[in-house]
Amino acid sequence: MSYLDATHDLYKEAALTPDVGLCCTTNPIWELPGLKIPKIMQEMNYGCGSTVNARDLTNNPKTLYVGVGGGMELLQFAYFNRQKGGVVGVDVVDEMLEASRKNFVQAEEMNAWFKSEFVDLKKGDALNLPVEDNSIDVAAQNCLFNIFKAEDLKKAIEEMYRVLKPHGRLVMSDPTCEQPMNETLRNDARLRALCLSGSLPIAEYVKALTDAGFGTIEIRARKPYRILDPKNYPTDELIYIESIEVAAIKDPMPEDGPCIFTGKAAIYYGDQDYFDDNLGHILLKNQPLAICDKTAGALQSLGRDDIYFSESTFHYDGGGCC
Numbered sequence: 001m002s003y004l005d006a007t008h009d010l011y012k013e014a015a016l017t018p019d020v021g022l023c024c025t026t027n028p029i030w031e032l033p034g035l036k037i038p039k040i041m042q043e044m045n046y047g048c049g050s051t052v053n054a055r056d057l058t059n060n061p062k063t064l065y066v067g068v069g070g071g072m073e074l075l076q077f078a079y080f081n082r083q084k085g086g087v088v089g090v091d092v093v094d095e096m097l098e099a100s101r102k103n104f105v106q107a108e109e110m111n112a113w114f115k116s117e118f119v120d121l122k123k124g125d126a127l128n129l130p131v132e133d134n135s136i137d138v139a140a141q142n143c144l145f146n147i148f149k150a151e152d153l154k155k156a157i158e159e160m161y162r163v164l165k166p167h168g169r170l171v172m173s174d175p176t177c178e179q180p181m182n183e184t185l186r187n188d189a190r191l192r193a194l195c196l197s198g199s200l201p202i203a204e205y206v207k208a209l210t211d212a213g214f215g216t217i218e219i220r221a222r223k224p225y226r227i228l229d230p231k232n233y234p235t236d237e238l239i240y241i242e243s244i245e246v247a248a249i250k251d252p253m254p255e256d257g258p259c260i261f262t263g264k265a266a267i268y269y270g271d272q273d274y275f276d277d278n279l280g281h282i283l284l285k286n287q288p289l290a291i292c293d294k295t296a297g298a299l300q301s302l303g304r305d306d307i308y309f310s311e312s313t314f315h316y317d318g319g320g321c322c
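Residues in the sequence shown are numbered from 1 upward in steps of one, following full-length UniProt numbering.
Quick look at the structure:
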């Protein structure tokens, strides 16, 4: 059985019999005025974080969500776009699509503002999205791309890039792992279906996005996720897996390379009111400025003794240098 077949069967089972332990997350359920999430949606929240961020969702964005789960994040996205077909949900598993449809009926009963027609559910494959080019403002996936092997991951990211409008955002939550995994783990179809054996180091994950053409990358959160231990998995040592939340923005690729925000900041503390590098970066005295890694390197190369640079926190919430 291929890993994609194993994934299909795993999530077919999870649609028919909800499994609260399939994926684990410490993220709180979004609490927004007038938004109530059915319990069944929470039980079928098979992600490893959240892809819903209010600053991505202004002006009724056309949103695509791939891998619908129980519909929780589709409902959350619909909160920000209350129009017919404003949110498109794509899944390859018929049973998961049907489960979401049923869950939306409960959501309508609990939320006066919500109508099932706000979400357009489509049968489709992440490697061949049933969506037109340049038609989506925000595309999202949660704990899905991590199942793909390298060539399939490349194709899935390229598909997201294709459907996004210029300056559109691809928002993702996936496990990452800095420790190398043995061949048994990497080739175990069920472990890959669980997003456990396909984990990439952050640097490789980001490179896959920039290789597709995304000019700006924001690493928004990095959180503990799971442990693979020798008692329960075919490994000789403990392997620590984190959950990472990332936004890749379809900005033009700068000539000097992508802008990658990993949570660095610069603080100017010199004799003047501000420092201007004459390249578009102005640092007010003793006011931290979020900077991308590229800008951090350029400023550090100046060799000044009046600018402090923080380490990467792998948490970025906007307001940066670019």
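Backbone N, C-alpha and C define an ideal beta-carbon position, used for all residues, glycine too.
This structure is a prediction, so every number in the text was calculated from the model and none was measured.
Contact set for Gly198: own chain, Cβ-Cβ below 6 Å, skip 5 residues either direction:
As a position in the sequence shown, residue 198 is number 198, starting the count at 1. Excluding sequence neighbours, Gly198 sits near Asn146, Ile147, Arg192.
Comparing C-alpha positions only, which one of Tyr269, Leu97, Ser301 sits nearest to Ser116?
Locating residue 116 in the sequence shown gives position 116, where the first residue counts as 1. For Ser116, the nearest C-alpha among the options comes from Leu97.
Enumerate in chain order the residues of its own chain whose CB-to-CB distance from Pro224 is below 7 Å, with the five nearest sequence positions on each side excluded.
As a position in the sequence shown, residue 224 is number 224, starting the count at 1. Excluding sequence neighbours, Pro224 sits near Glu242.
Cut-off 7 Å between Cβ atoms - residues of its own chain near residue 351, not counting five sequence neighbours on either side
Residue 351 lies beyond the residue range present for the chain, which begins at 1 and ends at 322; the question has no answer from this structure.
Going by C-alpha distance, which of Lys154, Asp293, Asp276 is nearest Lys285?
By 1-based counting over the sequence shown, the position of residue 285 is 285. For the residues Lys154, Asp293, Asp276, the minimum Cα distance to Lys285 belongs to Asp276.
So, are the CB atoms of Val87 and Val119 less than 9 Å apart?
Mapped onto the sequence shown, residue 87 falls at position 87. Mapped onto the sequence shown, residue 119 falls at position 119. Taking 9 Å as the Cβ cut-off, Val87 and Val119 qualify as a contacting pair.
How about Pro252 and Thr210: do their beta carbons lie closer than 9 Å?
The residue you call residue 252 lines up with position 252 of the sequence shown. The residue you call residue 210 lines up with position 210 of the sequence shown. No, they are not a contact pair.
By the 10 Å Cβ neighbour count, where 16 or more other Cβ atoms means buried, how is Arg222 classified, buried or exposed?
Counted from its first residue, the sequence shown places residue 222 at position 222. Buried, since its Cβ has 16 or more Cβ neighbours within 10 Å.
Of the residues Cys322, Glu159, Ser100, the one placed nearest Gln42, counting alpha carbons only:
The sequence position of residue 42 within the sequence shown is 42, counting from 1. Here the closest residue by C-alpha is Ser100.
So Gln76 is in the alpha helix (DSSP H); what residue range does that whole segment cover?
If you number the sequence shown from 1, residue 76 lands on position 76. Where Gln76 is concerned, the enclosing alpha helix (DSSP H) stretches over 72 to 80.
Proximity below 9 Å, CB of Arg190 to CB of Ala6
What you label residue 190 is simply residue 190 of the sequence shown in a count that begins at 1. What you label residue 6 is simply residue 6 of the sequence shown in a count that begins at 1. In this structure, Ala6 lies closer than 9 Å to Arg190 by Cβ.
In or out: Val290 buried (at least 16 other Cβ within 10 Å) or exposed?
Working through the sequence shown from its first residue, we reach residue 290 at position 290. Inspection of the sequence shows that residue 290 is occupied by Ala rather than by Val. Buried.
Look at Tyr240 and Cys177 and say whether their C-beta atoms are less than 9 Å apart.
Against the sequence shown, residue 240 aligns to sequence position 240. Against the sequence shown, residue 177 aligns to sequence position 177. Yes, these two residues count as a Cβ contact at 9 Å.
Measure the C-alpha to C-alpha separation of Cys322 and Val206 and round it to an integer number of angstroms.
As a working mapping, residue 322 is identified with position 322 in the sequence shown. As a working mapping, residue 206 is identified with position 206 in the sequence shown. Going from the Cα of Cys322 to the Cα of Val206 covers about 18 Å.
Once the 5 residues before and after Phe104 are set aside, which same chain residues still bring their CB inside 7 Å of it?
On the sequence shown, residue 104 is found 104 positions in, with the first residue counted as 1. Cβ neighbours of Phe104 within its own chain (closer than 7 Å, five residues either side excluded): Gly71, Ser116, Val119.
For Ser310 versus Gly280, is the C-beta spacing smaller than 9 Å?
Your numbering for residue 310 matches position 310 in the sequence shown. Your numbering for residue 280 matches position 280 in the sequence shown. No.
Give me the Cα-Cα distance between Ser2 and Thr295, rounded to the nearest whole angstrom.
Locating residue 2 in the sequence shown gives position 2, where the first residue counts as 1. Locating residue 295 in the sequence shown gives position 295, where the first residue counts as 1. In a straight line, the C-alpha of Ser2 is about 43 Å away from that of Thr295.
First through last residue of the alpha helix (DSSP H) which encompasses Ile40
One-based indexing of the sequence shown puts residue 40 at position 40. Looking at the DSSP string, the run of the alpha helix (DSSP H) that includes Ile40 is 39 to 43.
4-residue-minimum alpha helix (DSSP H) runs that sit fully inside the UniProt domain "Methyltransferase type 11" (64 to 172), ordered along the chain:
Note on the UniProt domain "Methyltransferase type 11" (64 to 172): whole alpha helix (DSSP H) runs with a minimum of 4 residues are 72 to 80, 94 to 110, 150 to 163, in chain order.
The alpha helix (DSSP H) enclosing Val206, as first and last residue numbers:
Position 206 of the sequence shown, counted from the first residue, corresponds to residue 206. From DSSP, the alpha helix (DSSP H) with Val206 extends over 202 to 211.
Under the rule that 16 or more other beta-carbon atoms within 10 Å means buried, what is Gly85, buried or exposed?
Against the sequence shown, residue 85 aligns to sequence position 85. Flag for Gly85 reads exposed.
Starting from Tyr269 and walking both ways along the beta strand (DSSP E), at which residues does that stretch end?
Here residue 269 is taken as the residue at index 269 of the sequence shown, counted from 1. It is not in any beta strand (DSSP E) - Tyr269 carries neither H nor E in the DSSP assignment.
Indicate the three-state DSSP secondary structure (helix, strand or coil) for Tyr3 in the structure shown.
Start at 1 with the first residue of the sequence shown, and residue 3 comes out as number 3. Tyr3 falls in the helix class under three-state DSSP.
If we ignore side chains and look at the alpha-carbon of each, how far apart do Pro175 and Asp236 end up?
Start at 1 with the first residue of the sequence shown, and residue 175 comes out as number 175. Start at 1 with the first residue of the sequence shown, and residue 236 comes out as number 236. When rounded, the distance between both Cα atoms is 20 Å.
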